[in-house]
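Report on one structure; see the data block that follows.
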Amino acid sequence: MIDTLNQTLRRLPEWPLYFLGFLPAAWLLWLGVNGGLGVEPIKALEHELGVIALQFLIAALLVTPLRRYAGLNLLKFRRAFGLLGFGYVCLHLLTWLALDMSFLWGQIAEDLLERPYITIGMAAFLLLLPLALTSTKSAIRRMGLRWHKLHRLSYVAVVLGGLHFVMQEKVWSLQSLAYLAIAVAVVAMRALWLTRRVARS
Amino acid sequence: MAYRWKNDLTHADVTPKGLFLNRRQWMAGAGAVMGAGLIGGQARAQEALEPNTFEEITSYNNFYEFGTGKTDPAAYAHMLTTDPWSIEIDGMVDNPGVYSLAEILEGMTIEERIYRFRCVEAWSMVIPWNGFELADLLTRVGVQDGAQYVAFETLVRPEEMPGQRSPILNWPYREGLRLDEAMHPLTLMATGLYGEPMPNQNGAPIRLVVPWKYGFKSIKSIVRITLTDEEPPTTWNMQNSREYGFYSNVNPEVDHPRWSQASERRVGGGLFARRIPTLMFNGYEDEVASLYEGMDLSEYF
Chain B
-6 MIDTLNQTLR RLPEWPLYFL GFLPAAWLLW LGVNGGLGVE PIKALEHELG VIALQFLIAA
54 LLVTPLRRYA GLNLLKFRRA FGLLGFGYVC LHLLTWLALD MSFLWGQIAE DLLERPYITI
114 GMAAFLLLLP LALTSTKSAI RRMGLRWHKL HRLSYVAVVL GGLHFVMQEK VWSLQSLAYL
174 AIAVAVVAMR ALWLTRRVAR S
Chain C
13 MAYRWKNDLT HADVTPKGLF LNRRQWMAGA GAVMGAGLIG GQARAQEALE PNTFEEITSY
73 NNFYEFGTGK TDPAAYAHML TTDPWSIEID GMVDNPGVYS LAEILEGMTI EERIYRFRCV
133 EAWSMVIPWN GFELADLLTR VGVQDGAQYV AFETLVRPEE MPGQRSPILN WPYREGLRLD
193 EAMHPLTLMA TGLYGEPMPN QNGAPIRLVV PWKYGFKSIK SIVRITLTDE EPPTTWNMQN
253 SREYGFYSNV NPEVDHPRWS QASERRVGGG LFARRIPTLM FNGYEDEVAS LYEGMDLSEY
313 F
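As given, the protein sequences belong to chains B and C, one line each in that order. Position one of the first sequence corresponds to residue -6 (this note's numbering), numbered consecutively onward. Position one of the second sequence corresponds to residue 13 (this note's numbering), numbered consecutively onward.
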């Protein structure tokens, strides 16, 4: 059963995922322009884009556990998940800079320096940047083992992203705490595997 | 009362219905305003203020008793029973007691006040409230010597207020004002907006409106008013004292750990609305700055 599924998945191309993955962004933009996001569409758009970014980043980090524990092989699509996550982080950041902050650079700089949840969000973006830049097949081949080491930054980035979500809430919210918990869980799994591997060798 | 506050807006900003209802008030106040205008040292920001639509005012609310989402109050507040309603007035007053809403409204002049409304989250609206001055109520119940603060409480009724079923805040929602702030003619007990009875999601049937303070000070659905000689505990200050002070005056120069207060976005401008600068005391500096003379506003934030 899982083998048939894996074989079908292997035959599917990767590129349609990028197209499908950006449909929600297009839909949100359309809603925002047409009043479908309520009377304060900028905040709604910013929030939704951030949540979707976290969903894709978590999806990318779920590929390995799914293969390990469920035998499901989505490796072929992992890069698309990661890049889509990064794409949504970029849209989220752009929405903040352009629509939310009206490019008021003085206030933007102040926010980055003085408001910890914004500093943390920006740090997550910066950590993802080199990962997106080294996502080509040739970069993976060229960098070899160093590529794997570099891409462990995604663990830090996804936890910072969850933290950024929790910290911008005025009160504890179940939704953001759930995202942070899942982010921590997928990273903790790696730590566990690593310590086991070390113990075995 | 030294003077009664007057809008700095023209009747062009008022809805026809509101204008009709308040024309007498409007004309009576006109002379007083001219006098006040000459005395006022600083020029008040003369922006073209246009009230937000009824839909905007009633569909984007913070009222955690109904949930933390901005649209939760509009979705769930219909469950709230607002009639019968009474307010317990106690503490350092001559005539303490439980007053029905009708008793409280008896003899009060309901007027329209078009106020700027600035949320601590850096969004704002312009709202045509209907209500009476809190000072008139306090004078009627008789404030005793020595009272220095007024404390307010919101209704606790989890069966009708689903947000109260989880301990997101320490219920009941509490707010407070210094007595001179409470007696200020700008301070309003609002019973409606746009000439309509107060919508439930906006704090029916009666709420406070303190336009120079961040919106969370303007406590909704009030059931208790207490005169006291001690600074009362207030909900958001109890939740996070570093972020929310007792005073919480709108102040673009005092930084907030979570949101820059230098600018704001007026709700209703759509996806490409630009930020506008936030005004000191939300544009009511001429009227209220004297209340805080000699105080370090970054300490008493």
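Every residue, glycine too, gets a C-beta built ideally from N, C-alpha and C.
Review point. If you compare alpha carbons, which of C/L61, C/V153 and C/M120 is closest to C/P108?
Key: Nearest C-alpha to C/P108: C/V153.
Exercise for review: Please list the residues of the region 271 to 284 of chain C that have a C-beta atom closer than 9 Å to any C-beta atom in chain B, keeping them in chain order.
Suggested key: W271, S272, A274, S275, R277, V279, G280, G281, G282, L283 and F284
**Study point:** CB contact below 8 Å: B/R35 versus chain C
**Key:** Inspection of the sequence shows that residue 35 of chain B is occupied by Ile rather than by Arg. So yes, B/I35 belongs to the interface.
Exercise for review: For the region 33 to 58 of chain B, list the beta strand (DSSP E) runs that are entirely contained and at least 3 residues long, ordered along the chain.
Suggested key: none
Check your understanding: Whose CA, out of B/L16, B/V179 and B/W165, lies closest to the CA of C/G81?
Key -> B/W165
Check your understanding: Under 8 Å between the Cβ atoms of C/P140 and C/I122?
Key -> no
Review point. From B/A150 to B/S169, what does the alpha carbon distance come to, in whole angstroms?
Key: 16 Å
Exercise for review: Using a cut-off of 8 Å between C-beta atoms, extract the partners of B/M115 located in chain C.
Suggested key: By Cβ distance, chain C contributes nothing, its closest Cβ being about 15 Å from B/M115, past 8 Å.
Review point. Along chain C, in chain order, which residues have C-beta atoms closer than 9 Å to that of B/M136?
Key: Those within 9 Å of B/M136 in chain C number zero; the least Cβ separation is about 40 Å.
Review point. Where are the beta strand (DSSP E) runs, 3 residues long or more, that stay fully inside the region 205 to 267 of chain C, in chain order?
Key: 219 to 221 and 234 to 240
Practice item. Check the Cβ of B/S95 against every Cβ in chain C and list those closer than 7 Å, keeping chain order. Key: Correct list: R286 and R287.
Practice item. Determine the extent of the beta strand (DSSP E) in which C/G295 is found, giving its start and end residues. Key: First-last for C/G295: undefined, no H or E at that position.
Practice item. Taking C/S112 as part of the beta strand (DSSP E), name the residues at either end of that continuous run. Key: G109 to S112
Review point. What residue from C/E145, C/G227, C/D102 and C/F144 has the CA that sits closest to C/M74's CA?
Key: Reading off the sequence shown, one finds Asn at residue 74 of chain C, where the question assumed Met. Among C/E145, C/G227, C/D102 and C/F144, the Cα nearest to that of C/N74 belongs to C/G227.
Practice item. Figure out for me which residue from B/G31, B/L22, B/R60 and B/R189 has the closest Cα to the Cα of B/L(-2). Key: B/R60
Point to revise | Residues near B/W186 in its chain [Cβ-Cβ closer than 7 Å; skip 5 each side] | key: none
Practice item. Using a Cβ-Cβ cut-off of 8 Å, state whether B/F79 counts as contacting chain C. Key: Chain C contact via Cβ: absent.
Review point. Count the other CB atoms within 10 Å of the CB of C/G280; is the residue buried (16 or more) or exposed (fewer)?
Key: Result: buried.
Point to revise | Inter-residue spacing [alpha-carbon to alpha-carbon] between B/Y148 and B/A102 | key: Taking the straight line joining both Cα atoms gives about 26 Å.
Review point. My guess is that B/L21 and B/L38 are in contact by the Cβ rule of under 8 Å, so how many angstroms apart are they, rounded?
Key: 6 Å
Point to revise | Pair within 8 Å by beta-carbon distance, C/M201 and C/L146 | key: yes
Exercise for review: Could I get the ranges of all uninterrupted alpha helix (DSSP H) runs contained in the region 75 to 99 of chain C, with 4 residues as the minimum, in chain order?
Suggested key: 84 to 88
Review point. List, in order along the chain, the chain B residues whose C-beta lies closer than 9 Å to that of C/W135?
Key: E33 and K36
Exercise for review: For the region 70 to 121 of chain B, list the alpha helix (DSSP H) runs that are entirely contained and at least 4 residues long, ordered along the chain.
Suggested key: Counting only unbroken stretches of 4 or more residues, the alpha helix (DSSP H) elements lying wholly within the region 70 to 121 of chain B are 98 to 107, in sequence order.
Point to revise | Which of helix, strand or coil DSSP assigns to B/W165 | key: If DSSP states are grouped into helix, strand and coil, B/W165 belongs with coil.
**Study point:** Closest Cα partner of C/T166 within the set C/K229, C/A86 and C/Y72
**Key:** C/K229
Practice item. State yes or no: is the beta carbon of B/V44 nearer than 8 Å to at least one beta carbon in chain C? Key: no
Check your understanding: Who are the neighbours of C/L291 on chain B, taking C-beta pairs under 8 Å?
Key -> The premise fails here: C/L291 is roughly 16 Å from chain B at the closest Cβ pair, so nothing lies under 8 Å.
Exercise for review: Report the option in C/P96, C/K225, C/R277 and C/T70 whose CA atom is closest to the CA atom of C/P85.
Suggested key: C/T70
Practice item. Quick one: using the 10 Å Cβ neighbour count with 16 as the cut-off for buried, is C/Q176 buried or exposed? Key: With 16 or more Cβ atoms within 10 Å of its Cβ, C/Q176 is classed as buried.
Review point. From which residue to which residue does the alpha helix (DSSP H) around B/F25 run?
Key: Note that residue 25 of chain B is Gly in the sequence shown here, rather than Phe. Its alpha helix (DSSP H) spans residues W8 to V26.
**Study point:** Inter-residue Cα distance where the pair is B/A184 and C/W224
**Key:** B/A184 and C/W224: Cα-Cα distance of roughly 52 Å.
Exercise for review: Would you mind working out which of C/L113, C/M91 and C/V221 sits nearest C/E100, comparing C-alpha positions?
Suggested key: C/L113
Review point. Whose C-beta lies closer than 6 Å to the C-beta of C/Q37 among residues of the same chain, with five residues either side of it excluded?
Key: For C/Q37, the predicted model reports a pLDDT of 44, less than 50, meaning its position is unreliable; a value from the coordinates is still stated below. The answer, listed in chain order, is E123.
Review point. Straight-line CA distance for B/G75 to B/D(-4)?
Key: 24 Å
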